[in-house]
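Residue numbers (the numbering used here): 1081 to 1726.
1. Over what stretch of residues does the alpha helix (DSSP H) that includes residue 1221 continue unbroken?
2. DSSP three-state label for residue 1129, please.
3. Please say whether residue 1513 and residue 1577 have beta carbons closer to each other than 7 Å?
4. Pull up the distance between the alpha-carbon of residue 1137 and that of residue 1105, whole angstroms please.
5. Leaving out five residues before and five after residue 1161 in sequence, what residues of the same chain have Cβ atoms less than 7 Å from its Cβ?
6. Might you give, ordered along the chain, the residues of its own chain that have their beta carbon closer than 6 Å to the beta carbon of residue 1254, omitting 5 neighbours on each side?
7. Got a sec? Which residues, its chain only, sit under 7 Å from residue 1563 by beta carbon, not counting five neighbours each side?
8. Mind checking whether residue 1261 and residue 1228 have CB atoms under 7 Å apart?
9. Is the number of C-beta pairs between the segment 1492-1509 and the segment 1350-1360 that are closer than 8 Å three or more?
10. What does DSSP give as the partner residue(s) for residue 1230 in the beta ladder?
11. Just the Cα atoms here: how many angstroms apart are residue 1281 and residue 1721?
12. Helix, strand or coil: which one does DSSP assign to residue 1330?
13. Tell me whether residue 1280 sits in a helix, a strand or coil according to DSSP, three-state version.
14. Give the list of continuous alpha helix (DSSP H) stretches no shorter than 4 residues that lie fully inside the segment 1423-1494.
15. Pick out whichever of 1279, 1213, 1193 has its Cα sitting closest to the Cα of residue 1226.
16. Decide if the segment 1361-1381 is in contact with the segment 1586-1603; the criterion is three or more beta carbon pairs, one per stretch, under 8 Å apart.
17. So residue 1285 and residue 1234 are in contact, right, with Cβ under 8 Å, and what is the actual spacing, rounded?
18. For the beta strand (DSSP E) containing residue 1393, name the first residue and the last one.
19. Buried or exposed for residue 1440, going by 16 or more other Cβ atoms inside 10 Å?
20. Relative to the alpha-carbon of residue 1718, which residue among 1139, 1220, 1111 has its alpha-carbon at the smallest distance?
21. Considering just the uninterrupted stretch of the beta strand (DSSP E) at residue 1199, what are its terminal residues?
22. Which residues does DSSP pair with residue 1321 in a beta bridge?
23. Mind checking residue 1476: buried by the 16 CB within 10 Å criterion, or exposed?
24. With DSSP as the reference, label residue 1184 as helix, strand or coil.
25. Is residue 1369 helix, strand or coil by DSSP?
26. Within 6 Å: the Cβ of residue 1242 and any heavy atom of the ligand ADP?
27. Find out if the Cβ-Cβ distance for the pair residue 1188, residue 1173 is shorter than 7 Å.
28. Can you give me the Cβ contacts of residue 1342 inside the same chain, cut-off strictly under 8 Å, excluding the 5 residues immediately before and after it?
29. Return helix, strand or coil for residue 1627, following the three-state DSSP convention.
30. Let's test the definition: count the other Cβ atoms within 10 Å of the Cβ of residue 1369 and tell me whether it reaches 16, buried, or not, exposed.
31. Determine the DSSP secondary structure at residue 1403, reduced to helix, strand or coil.
32. Measuring alpha carbon to alpha carbon, tell me which of 1113, 1214, 1129, 1134 ends up nearest residue 1152.
33. Any idea if residue 1124 is buried or exposed, counting beta-carbon neighbours within 10 angstroms, 16 or more meaning buried?
34. In whole angstroms, what is the alpha-carbon distance linking residue 1377 and residue 1458?
35. What are the start and end residues of the beta strand (DSSP E) that includes residue 1194?
36. Which value, in whole angstroms, describes the spacing of the CA atoms of residue 1542 and residue 1307?
What follows is the structure, encoded as structure tokens:
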């Protein structure tokens, strides 16, 4: 008796366990009715019968439908998708949609209504476009009926495809695929009939398996898109690029108009050689006006100019280190003893000296340290402020407001193009903004690192990795054209930032004089030097004009002219007396090379300006769309997607 009771209990447990297993959530049947219209659009009705147990299917199901694809050439395109209606068991059912990176997700059911366990039949009615493939000898519909993204098994799947005309069976070819993505299994039946074909699976589809079908039919049954329709589709597929290119053209038009009005240089007149620098201008001011901006060379030139006038002495301690020394005479401008006649300084130069030699300091070694960086930064600021105050508005204008408007126009273009991009517009927008910011930072660091330490250049190269990576991210979502457009916008603003600078009439006259003096420094011949300067005065002329040669980037040519024009002993005496070096030449004098000195001195300034440890500044989830020409596999073609419960 006890044995019989145990047997009955065991039988009851097995029956209950079998009942639970039998009641697992799954799709009982999946039926798709696809009507192909004359214009190539599809009208699709899907009937999905599910078994719900309150596990994953609590409120209803969701259906994913991809809209973004890549064609055989790798070009991204977007199909049309319009949801007509949804019902459950023959009654309208609430739903809401959610955008996905490559399509749309449809949540069927209400968040406030939970389903009782049981069987439910959901019907989805939608229309879609651009799903047909048009080939040389035939046309076809390659359609992923179920999609390969369902989380439930599908007991059976069927599909019926109907053409708009009764095409004879002999002219039709029906085939298909089953299984996981890319599978070439053919566990299905495919039966054409006049004007269409029916398809059905012969085995259960496991999760992430699907049914894809192909119907080939003669050309002319469906009206192929004409050139106008293809153009409309192309513009729609690439709306983000259209917006970006239109914005780029508008930006160039704006800048060219503003350059025509404001940025063109006044006539400098005929260049006349000048044998003296323009009266009343320091070497640094000539460089500032000629470049229409400040750079580190301005500080180096200002120091050399002061040294040539007896206000500074420079000692080279080693290849990278220089010491600035202040003569004991001092300056009246600094409230000290009267200066020598050749040591008169402007208020800006006085501020520079005060920054270099605060208090009673009389020497300053330019080496990498926090205190040195602080002092060099103060000197830079003092010189830059004085140059801007005394020369910028009078001799040239930067037209900064024009560039500000251009940057604003670029930003609006970038935002609009990003929001119109396929995939995830928000992700494209965020990545594109950071791409622009890091690319500009890379450019700024590259400019600053031109004469800086090797570590600054390494930092610039390291930062350059980020815009490249972000450009790759943007390209992966929105296509390669998007980062190209963004880069073109950034390059346009940087270019016109420089091109929009323009000299005033006073500036044009001064630039003409600068050109004349620079020409003389660069091409002066021995005969000309012989006729203009007595032999005994030539070394002093060389030293006097050397800061100007450095300022105007002709120091090598200036030194070569004197080396060719003077005997070796006279050129040796032409070495500036304000310069000393640990490397001594013949006769106990300091070895001096203008080109080597200029580069080393400028790099030393840049290095000393930075404290140690700081810097100086394929297919969608459903496969490819369109026709396959008889190839492909499960998961290919249009349609597709998948679904689950919620």
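A virtual CB, placed ideally from N, CA and C, is assigned to each residue, including glycine. Since this is a predicted model, take the numbers as computed values, not measurements.
In short:
1. Here residue 1221 belongs to no alpha helix (DSSP H); instead the beta strand (DSSP E) covers 1219-1224.
2. Correct three-state label for residue 1129: strand.
3. no
4. 8 Å
5. Within the same chain, residue 1161 has close Cβ partners 1145, 1147, 1184, 1206, 1208.
6. The beta carbon of residue 1254 lies closer than 6 Å to those of 1270, 1272, 1277, 1295 in the same chain, with the five residues before and after it left out.
7. Same-chain partners within the cutoff: 1515, 1551, 1554, 1555.
8. Between residue 1261 and residue 1228, the C-beta spacing is below 7 Å.
9. The segment 1492-1509 is not in contact with the segment 1350-1360.
10. In DSSP, residue 1230 forms a bridge with 1723.
11. 18 Å
12. helix
13. strand
14. 1427-1436, 1450-1467
15. 1279
16. yes
17. 4 Å
18. Unbroken beta strand (DSSP E) run through residue 1393: 1393-1396.
19. exposed
20. Closest option to residue 1718, Cα to Cα, is 1220.
21. 1198-1208
22. Residue 1321 pairs with nothing; no bridge assigned.
23. Its Cβ being crowded by 16 or more others within 10 Å, residue 1476 is buried.
24. strand
25. helix
26. Looking for the ligand ADP in the displayed structure turns up nothing, as the structure carries no ligands at all.
27. yes
28. Its chain contains 1477, 1479, 1482, 1580, 1582 as the residues whose beta carbon lies nearer than 8 Å to that of residue 1342, once the 5 sequence neighbours on both sides are disregarded; these appear in chain order.
29. helix
30. It counts as buried.
31. strand
32. 1214
33. buried
34. 16 Å
35. Residue 1194 -> no beta strand (DSSP E), and no H or E assigned at all.
36. Their Cα atoms are separated by approximately 47 Å.
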